[in-house]
Amino acid sequence: MDRLITFERITIEPPLKAIYRRLGYRKGLTQVRPDEARTLGDRIEQARALITLKGAARRLPILSKDSRQIRLPGDRILESTRLAALLKDSREVILLGATAGPAVIEAIRRDTAENNLTRAVVLDAAASEMVDAALDWMETFFGRQLRREGRRLTRSRFSCGYGDLALENQKLFYELLELGRLGVELTERYILVPEKSVTAAAGIETIA
Amino acid sequence: MEKGRRKFLDTLKRRPLILDGATGTELQKRGMPPGVCPELWCIENPGVIEGVHADYAGAGSDAVYTCTFGANRLKLGEYGVHDVPAVNRSLALVARKAVRGKALVLGDIGPTGRFIRPFGELDFEEAVSVFREQVRGLLEGGVDGFVIETMMDIQEARAALIAVKETCGLFTLVTMTFERDGRTLNGTDPLTALVTLQALGAGAVGCNCSTGPDDMARFIGAMRPYAKVPLVAKPNAGLPRSAGGDTVYDMDAAEFARRAGALVAAGAGILGGCCGTTPRHVAALRKAVSRKKAPVPLRKSLAALSSARRTVVFEPGRPLAVIGEGINPTGKKALQEELREGKTALVRQMARDQEAAGADLLDVNVGVPGIDQEQTMHDVVMTLAAATDLPLVIDSAKPEPIERALRVYPGRALINSISGETEKLRRLLPVAAKYGAMFILLPLTDRGIPETAGKRTDVVRAVEREARRHGFTREDFLVDGIVMTAASNPNAPRETLLTVRWAAETFGARTVVGLSNVSFGLPERRWINAAFLAMASASGLTAAIANPASEELMFVKKAADVLGGRDRDAAGWIALCAKPGGAAKRAPAEALPPEQRLREAVLEGNREAVGGLVAESLKAGVDAAALAREVMIPAIVEVGERFGRKEYFLPQLIASGETMKIGMEALEPFLKQASKEGAGRGTILIATVKGDIHDIGKNIVALLLRNHGYRVVDLGKDVASERIVRAIEKHRPQVVGLSALMTTTMTRMKEVIDLARRRGLSCPFLVGGAVVTRAYADSIGAAYARDGVEAVQVIEAITGGRRKA
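Protein sequences appear in the order of chains A and B.
Residue 1 is where the first sequence starts when you use the numbering used here, and the numbers rise one by one after that.
Residue 1001 is where the second sequence starts when you use the numbering used here, and the numbers rise one by one after that.
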């Protein structure tokens, strides 16, 4: 069951509600003029053109676990009580990674340098939400297949740097997902480059 | 006609055809444990699956699916099973035995679980080979036809259908699985799936799984007006509901059957059930629809093209379609170079630009001498299939690149072109027929281009006769009017228009011209092109190969659409005029004094107007310092307050901030030295700490601080602690701002503060960033702000209250 699957092109609509929310929009409070909404829509469309979503996923058996850590094949250990709690009913784990690609980051950098921070913040929010939506997309993809096996994914997923799952684990995700093949690099400080790249782990449970 | 197809079509003449219900959930109910390989379990427990098949046949299914959904080598390989044909053969035999001739047996082909190029890493030919192996096994087991089901990726559905077609000619249903938003996970909508799959030879097309009958009726309804094959609906027993963590479907048989009526009304002639349905559901379904007439396909043919995510239908009354001509290396050195080097960045850029300019389709020509055009065409088409939603026009003088492209293109493409030349007809018509492509019929022969429209029409008729032998109709091609240069032959444009008019009005086919040639050798070609396009549009032209970046051309095209009754309610024209540059910009009311309009400009983030309004205000006699103090600063403070009350969100805050910045820059030369920027407020030094590359938040803070009159020294991102401390020693700022997004880099903030303190620097620090908390800031002896507006407030508090101006 240990198999890497890569997605060369994930096509999803920009999650508009989530992008608005990330930009601070609050329904009933924030007032947006029609021309502002139109400009924002155009910028989100520009972000869509600049974003090339790619993904990778790897399904792995959990060799052993206790309340503090998860042991994966190849003597790889993930230490985190919160991840262990999430995976308490799982015998397998699925690692997910996605990237928005370098073009949107370059556009944000250029916009910032050219005094167009207004567009840069929209591109930034759109890229963050789209890469997150790519993980949702992969979860739906695997969820469909798992249902036919009488299995399902855990309700939530967990990322390095959150809770007590140290960011240093990014190295393990990076290697197992072979993110280099998607054009992603890992810095000494365990940051994924291009910036809008994410990884996460979800458990695979058997439906009782 | 083989038995399966005959039975299907005969039944559909009388009533809707009934498929089976769910297999997986039935097997689980009958003892299959979770997590096992269903195919292997069924081989080990043949009695159970026999029972499921027999129950469905007994409940009234006209056809049952073999239990081979995952019986391909990629899925079976995960369970260590390698004799794929044997598994398929065996399960097909079990199904045949179970139904005892009462129902047809369809060989079930499900997805491999991998995505295929250009959407995933699985090679297209590898995928075809995987499915071919399964098809052979199922054929050996004696299936009557095939069903390709639960497909999320149109490319995978194509690979499976090609595998069936290249192995046998049996009747094949293809059903995709659409989410509630009406697209597959990979973004294909029902109409696009239909256009692609019916052209490729699917016997019936439709949808299964994912949704209940109600949503599925919408998808079937979207396909119905364009379907030339029967439509299939195999919904779940309602929408899945989570109960105690389990997924359950709880639409009972009676309710399911009642709602099936809507599916038939929407156009589905072939019905069954997916997840959660049982033999009871099928029995109720059969009873509910057996007295109904099966919907008959409304069309025999369809002039439409598709990509993986979009369809362009050529129908009278629709706007003239623009085929972007840009991706053609003739006369373009940069593109020639890129194609030679096997790169595609420029091609992608050209596709994006043409799409943004309003192209409906993209012509793709890679005719660079001395390169492997077949491979290049393959690579470029694969790139564009993922990079653009626009359907492609495959343009080559050689048949090989065309065939290679059509095989892998995940849509229904247009061939540019097939002429009356003997070799072209012989080579390309079978290829176009195999992949269901449309083609541009170029009315020239081995003897050359006929000069007159009359002679061109003879060639069109001759090619059509030949094409009919391959199953084509007049809806499957566009007649090319053949555009010649007006400068060298003044009669040429007239002959082209006559050809177009004859093809559109007399012959009843779609038409196309390659526009630009008409103006060759003339000055200001764009006007000649635009005028000719309008004339051709009036002659009934369907599509033009042209340059969508030409504003003249696109405005004239849209105007011609309105005048030719091809743009309902002039919606396209109005949308074109509403674009930036097409309509007047919102301007502050002229009646107000300039300083009030300046205030409005800052509040509204009108960066285009602010510079002029500053100049106008000064000209009207307003003092520069007063303008800053009494108009602009209060306006940006108001913006901050609105942001605080969430009346504004980030794009508005930043737009106002940038407007303010431009305004202050315009004002700067007029301010007296004492009140110049920074003099009254001091210097703030900011940086994103070492190891962190995320700096958009820091940039927002810098902008807002400058707006409020601070001098900001921005050291950038990924800045070493030592460098920050040296900068503090040099600039002696009032406050130092540090930002970090990640837990691993956040620790650097403490390092910077400790180092500064060791060097005897007592300046206050302000920290912020996604993972930074007030508690963490407290623990390292720094102030904290959650966003840019708060950062300004905190810094104002630290530096001693409101500005002195």
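Note that the Cβ used here is the ideal one computed from N, Cα and C, for glycine as well.
Keep in mind the model is a prediction, meaning the values are calculated, not measured.
- Query: Interface residues of chain A around Ala1655/B at Cβ under 7 Å?
  - Reply: Correct list: Thr118.
- chain B contact for Ile148/A (CB, 8 Å cutoff): It should be noted that the sequence gives Arg, not Ile, for residue 148/A. Yes - at least one Cβ of chain B is within 8 Å of the one on Arg148/A.
- Which residues, in order along the segment 1739–1754 of chain B, keep a beta-carbon less than 7 Å from a beta-carbon of chain A? The residues in question are Met1742, Thr1743, Thr1744, Thr1745.
- Message: Can you tell me where the beta strand (DSSP E) holding Ala143/A begins and where it ends?
- Response: The question names Ala, but residue 143/A in the sequence shown is Gly. Per DSSP, Gly143/A belongs to no beta strand (DSSP E); it is in the alpha helix (DSSP H), 117–148.
- Message: Using a Cβ-Cβ cutoff of 7 Å, what residues of the segment 1111–1129 of chain B are near chain A? List them in chain order.
- Response: Within the segment 1111–1129 of chain B, the residues whose Cβ lies closer than 7 Å to any Cβ of chain A are, in chain order, Gly1113, Arg1114, Phe1115, Arg1117, Pro1118, Phe1119, Gly1120, Glu1121.
- Task: Would you give the residue range spanned by the alpha helix (DSSP H) that Ala1288/B belongs to?
- Result: Counting along the chain, the alpha helix (DSSP H) containing Ala1288/B begins and ends at 1279–1289.
- Bridge partners - Pro61/A, DSSP secondary structure assignment: Beta-bridge pairing links Pro61/A to Glu92/A.
- Of the residues that make up the segment 1627–1649 of chain B, which ones have a beta carbon closer than 8 Å to any beta carbon in chain A? From the segment 1627–1649 of chain B, only Phe1643, Arg1645, Lys1646, Glu1647, Tyr1648, Phe1649 have a Cβ closer than 8 Å to chain A.
- Query: What span of residues does the beta strand (DSSP E) with Leu1738/B cover, start to end?
  - Reply: Judged by DSSP secondary structure, Leu1738/B falls within the beta strand (DSSP E) whose first and last residues are 1735–1739.
- Task: Could you tell me whether any Cβ in chain A is nearer than 8 Å to the Cβ of His1378/B?
- Result: Between His1378/B and chain A, the shortest Cβ-Cβ separation is not below 8 Å.
- If you run the structure through DSSP and keep just helix, strand and coil, what is Glu1729/B? Under the three-state reduction of DSSP output, Glu1729/B falls in the helix class.
- Query: Interface residues of chain B around Thr6/A at Cβ under 7 Å?
  - Reply: Those are Gly1120, Glu1121, listed as they occur along chain B.
- Query: When the distance is taken between beta carbons, is Ala1560/B closer than 8 Å to Leu1533/B?
  - Reply: Yes, Cβ-Cβ distance for Leu1533/B and Ala1560/B is below 8 Å.
- Message: Determine whether the beta carbon atoms of Asp1395/B and Asp1363/B lie at a separation below 8 Å.
- Response: Yes.
- To the nearest whole angstrom, what separates the beta carbons of Pro102/A and Pro14/A, a pair I think is in contact under 8 Å? Their Cβ separation, rounded to whole angstroms, is 19 Å, which puts Pro102/A and Pro14/A out of contact at 8 Å.
- Run down chain C in chain order and give the residues with a C-beta less than 7 Å from the C-beta of His1694/B. No chain C appears in this structure, whose protein chains are A and B.
- Query: What is the C-beta distance between Thr199/A and Leu95/A, in whole angstroms, given that I count them as a contact (C-beta under 8 Å)?
  - Reply: Between the beta-carbon of Thr199/A and that of Leu95/A there is about 7 Å, and that keeps the pair under the 8 Å contact cut.
- Query: Straight-line CA distance for Gly1611/B to Lys1661/B?
  - Reply: Cα-Cα distance, rounded: 10 Å.
- Task: Take the Cβ of Gln1349/B as the centre, count every other Cβ of all protein chains shown within 10 Å, and call the residue buried at 16 or more, exposed below.
- Result: With fewer than 16 Cβ atoms within 10 Å of its Cβ, Gln1349/B is classed as exposed.
- Query: Taking Val1725/B as the reference, which of Pro1764/B, Val1701/B, Gly1697/B has the closest Cα?
  - Reply: Closest option to Val1725/B, Cα to Cα, is Pro1764/B.
- Query: Which residue's Cα is closest to the Cα of Ser1306/B: Leu1194/B, Val1036/B, Thr1473/B?
  - Reply: For Ser1306/B, the closest alpha carbon among the candidates Leu1194/B, Val1036/B, Thr1473/B is that of Leu1194/B.
- To the nearest angstrom, report how far apart Leu1012/B and Pro1034/B are at their CA atoms. About 37 Å.
- Message: If you measure between the beta carbons of Arg1114/B and Thr1188/B, is that distance less than 8 Å?
- Response: Not closer than 8 Å, so no.
- Item | Contacting positions in the segment 56–79 of chain A - beta carbon closer than 7 Å to chain B | Close to chain B, meaning a Cβ-Cβ distance shorter than 7 Å, is no residue of the segment 56–79 of chain A at all.
- Message: Let's see if you can read the secondary structure: which residues bound the beta strand (DSSP E) around Gly203/A?
- Response: That run of the beta strand (DSSP E) goes 197–206.
- Item | Nearest residue (CA-CA) to Ala1413/B, options Arg1404/B, Glu1421/B, Ile1654/B, Gly1420/B | Closest option to Ala1413/B, Cα to Cα, is Arg1404/B.
- Task: Inspect the beta-carbon positions of Ile1482/B and Leu1442/B and report whether they are closer than 8 Å.
- Result: If you check the CB distance, Ile1482/B and Leu1442/B come in under 8 Å.
- Query: Looking at the C-beta of Ile1700/B, does it have a partner C-beta in chain A at a distance below 8 Å?
  - Reply: Judged by the 8 Å Cβ criterion, Ile1700/B is in contact with chain A.
- Message: Short of 7 Å Cβ to Cβ, which residues in the segment 91–102 of chain A face chain B?
- Response: Those would be none; no residue qualifies.
- Considering only residues of the segment 1466–1501 of chain B, which uninterrupted alpha helix (DSSP H) runs meet the minimum length of 4 residues and lie entirely inside it, listed in chain order? Qualifying alpha helix (DSSP H) stretches, in chain order: 1492–1501.
- Item | Reference Ser1656/B, options Gly1564/B, Glu1608/B, Glu1495/B, Cys1209/B, closest by Cα | Restricting attention to Gly1564/B, Glu1608/B, Glu1495/B, Cys1209/B, the CA atom closest to the CA of Ser1656/B is found in Glu1608/B.
- Once you ignore the five residues that flank Gly55/A on each side, which residues in its own chain have a CB closer than 6 Å to its CB? Excluding sequence neighbours, Gly55/A sits near Phe7, Ile10, Ala98, Ala134, Met138.
- Which same chain residues, not among the five before or five after Val1562/B, have their C-beta less than 7 Å away from its C-beta? Residues of the same chain with a CB within less than 7 Å of the CB of Val1562/B, apart from the 5 flanking positions on each side, are Ala1570, Trp1573 in chain order.
- Tell whether a beta-carbon distance below 8 Å holds between Tyr5/A and Met130/A. Note on identity: in this sequence residue 5/A is Ile, with Tyr being the wrong assignment. The Cβ atoms of Ile5/A and Met130/A lie no closer than 8 Å to each other.
- Message: For the pair the segment 40–49 of chain A and the segment 149–168 of chain A, tell me if three or more CB-CB distances fall below 8 Å.
- Response: No, the segment 40–49 of chain A is not in contact with the segment 149–168 of chain A.
- Item | Contact list for Ala49/A against chain B, beta-carbon separation under 7 Å | Per Cβ cutoff of 7 Å: Arg1352.
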